[in-house]
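Here the structure is laid out as structure tokens; the discussion comes afterwards.
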Amino acid sequence: MSETTLKAEAWTLFDRIVARAAGSDGRTYSIPWRADADGDEPVYQPDYSVLEQLLGVPLLLGAASQSGVPALALDVWTAYELRRVGFQPDLVWPRATPPRILPSTLVALLKDATRPQREALEGMLRSGKTYGNETGASANILGKNYVKQVDVVMSAWNTGPEIMISTKRMDSSFGKNAANRVEESYGDAKNLRSRHPQAALGFLYSLRSTALMPQSADIAAWIIDLLGKLGREDDAYDAVCLVIPDWPDGLPPPPGEDEDDEDPLVSAGVQPGRTDDAEPLPLALPEDELDRRLRDLPQVGLRRDAVPTNLSPEVFFATIVNRVLDDSPINFHRLARQRRAEPAD
Numbered sequence: 106m107s108e109t110t111l112k113a114e115a116w117t118l119f120d121r122i123v124a125r126a127a128g129s130d131g132r133t134y135s136i137p138w139r140a141d142a143d144g145d146e147p148v149y150q151p152d153y154s155v156l157e158q159l160l161g162v163p164l165l166l167g168a169a170s171q172s173g174v175p176a177l178a179l180d181v182w183t184a185y186e187l188r189r190v191g192f193q194p195d196l197v198w199p200r201a202t203p204p205r206i207l208p209s210t211l212v213a214l215l216k217d218a219t220r221p222q223r224e225a226l227e228g229m230l231r232s233g234k235t236y237g238n239e240t241g242a243s244a245n246i247l248g249k250n251y252v253k254q255v256d257v258v259m260s261a262w263n264t265g266p267e268i269m270i271s272t273k274r275m276d277s278s279f280g281k282n283a284a285n286r287v288e289e290s291y292g293d294a295k296n297l298r299s300r301h302p303q304a305a306l307g308f309l310y311s312l313r314s315t316a317l318m319p320q321s322a323d324i325a326a327w328i329i330d331l332l333g334k335l336g337r338e339d340d341a342y343d344a345v346c347l348v349i350p351d352w353p354d355g356l357p358p359p360p361g362e363d364e365d366d367e368d369p370l371v372s373a374g375v376q377p378g379r380t381d382d383a384e385p386l387p388l389a390l391p392e393d394e395l396d397r398r399l400r401d402l403p404q405v406g407l408r409r410d411a412v413p414t415n416l417s418p419e420v421f422f423a424t425i426v427n428r429v430l431d432d433s434p435i436n437f438h439r440l441a442r443q444r445r446a447e448p449a450d
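Quick look at the structure:
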């Protein structure tokens, strides 16, 4: 199976999982805030069930890390959580429908266009073409010194980037690549923060539970300690998150060296990308077939007990959301403010 076909199938399943969680209209998201028992600030409650399902998709498809599909599961979940918060869905990338990256100016154009104009524009956007990299599947953002591909973004023309979250995933080769992954992320944070000082900057790291086994426990402890230190500087990340997926041995993808599928020279604009590069579109599958595949998803758990509180998704999303709302005028992000002010019981 080609990488494009694999990603298209993955997007089909990802979209189905998110759509089921988002209600019949695709936009009725559950409120993530819960009232604190002591009457203090509301507590953020991530949707772990959706994350576990999304993490099962690469295993179902046998997608190795080099395909980009395992890391994409983290991006989809992070964007889903930001929509649950109440941020405008179309401004959170990757979007829940293709094209995954769509500038706010085009969103406004579609909203105000006549029906024939809108149908023509939507037809172009559904083609999967990138149209000068203004639409597509990757968000490339200029930092102080270089362009960086950011995995999850919330941005609009009148605000610039308000949220930038990078995700990294490591399922094997813990000792060989862990240092490089974290060190690169630290440099990326400095680069982005220097040009966008008001944006909420986050880093979400996934470490497979096998890293906690005795033969690699020291490395895992070092990684977790280093992640905790990444969020301590004012000019780096506002919040850092750790998730620890857990699934039995013997399930695909086969063990192997984890590698990023991003070419840094292409991302930075130094070298051109493939001229035929297009966003993989979801497959048109019957609903009963989609549901059958989702019933066959391998079971993935989460070792939440091994995640320090300061690296928990609860703290991570609350910090990112509060940073955005505190640093923007009160007439911005009205739904997000309402949802935080009216937490569920």
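Its first residue numbered 106, the sequence shown is counted upward by one per residue in this note's numbering.
In this text, a Cβ means the ideal position worked out from N, Cα and C, and glycines have one as well.
Asked                                                                                                                                                                                             : Found
In angstroms with no decimal places, state the Cα-to-Cα distance between LYS112 and VAL181.                                                                                                       : 13 Å
Could you tell me the distance, in whole angstroms, from the CA atom of ILE328 to the CA atom of GLY228?                                                                                          : 46 Å
List the residues that DSSP assigns as beta-bridge partners of ASP351.                                                                                                                            : GLY406
By Cβ distance, which residues of its chain are closer than 8 Å to SER433, with the 5 residues on each side in sequence left out?                                                                 : THR264, GLU267
Confirm, please, whether the CB-CB distance from VAL162 to PHE471 is below 9 Å.                                                                                                                   : With the chain covering only 106 through 450, there is no way to say anything about residue 471.
Do you know how far the Cα of PRO199 is from the Cα of THR110?                                                                                                                                    : 19 Å
Cβ atoms of LEU335 and VAL348: under 9 Å apart, would you say?                                                                                                                                    : no
Tell me the start and end of each unbroken beta strand (DSSP E) in the region 286-357 that is at least 3 residues and wholly inside, in chain order.                                              : 305-312, 344-348
On the three-state DSSP scale, how would you describe LEU247?                                                                                                                                     : strand
Please state whether DSSP places TYR149 in a helix, a strand or coil.                                                                                                                             : strand
Between the Cα of PRO350 and the Cα atoms of SER277, ALA127, ARG300, which residue gives the shortest distance?                                                                                   : SER277
Tell me the residue span of the beta strand (DSSP E) that contains PRO266.                                                                                                                        : 265-275
If we call anything under 9 Å between Cβ atoms a contact, is ARG121 one with ASP393?                                                                                                              : no
Between which residues of its own chain and ARG188 is the CB-CB distance below 6 Å, once the five residues before and five after are set aside?                                                   : TYR134, PRO194, VAL197
Could you compute how far the alpha carbon of MET275 sits from the alpha carbon of LEU312?                                                                                                        : 5 Å
Any idea if LYS273 is buried or exposed, counting beta-carbon neighbours within 10 angstroms, 16 or more meaning buried?                                                                          : buried
Whether or not the region 337-344 and the region 295-312 are in contact is what I'm after, with contact meaning three or more pairs of Cβ atoms, one per stretch, closer than 8 Å; do they touch? : yes
Among all the DSSP beta bridges, which residues are the ones paired with ALA261?                                                                                                                  : GLY265
Identify the continuous alpha helix (DSSP H) that holds VAL181 and give its terminal residues.                                                                                                    : 174-190
Can you tell me which of the three DSSP states GLY361 falls into?                                                                                                                                 : Residue placement at GLY361 is poorly supported in this model, since its pLDDT is 49, which falls under 50; the coordinates still yield a value, given next. Coil.
Report yes or no: do three or more beta-carbon pairs, one from the region 299-306 and one from the region 243-262, lie closer than 8 Å?                                                           : yes
I'd like to check one pair, LEU165 with LEU407: are the Cβ atoms closer than 9 Å?                                                                                                                 : no
How long is the line joining the alpha carbons of ILE324 and MET318, rounded to whole angstroms?                                                                                                  : 10 Å
Indicate whether ALA142 and ALA201 have their beta-carbon atoms separated by less than 9 Å.                                                                                                       : no
What are the residues that DSSP puts in a beta bridge with ALA452?                                                                                                                                : The chain is shown from 106 up to 450; residue 452 falls before or after that span and cannot be answered.
Taking the alpha helix (DSSP H) that VAL420 belongs to, which residues open and close that run?                                                                                                   : 418-431
Taking 8 Å as the limit between beta carbons, can you name the residues of its chain near LEU214, skipping five residues before and five after?                                                   : LEU226
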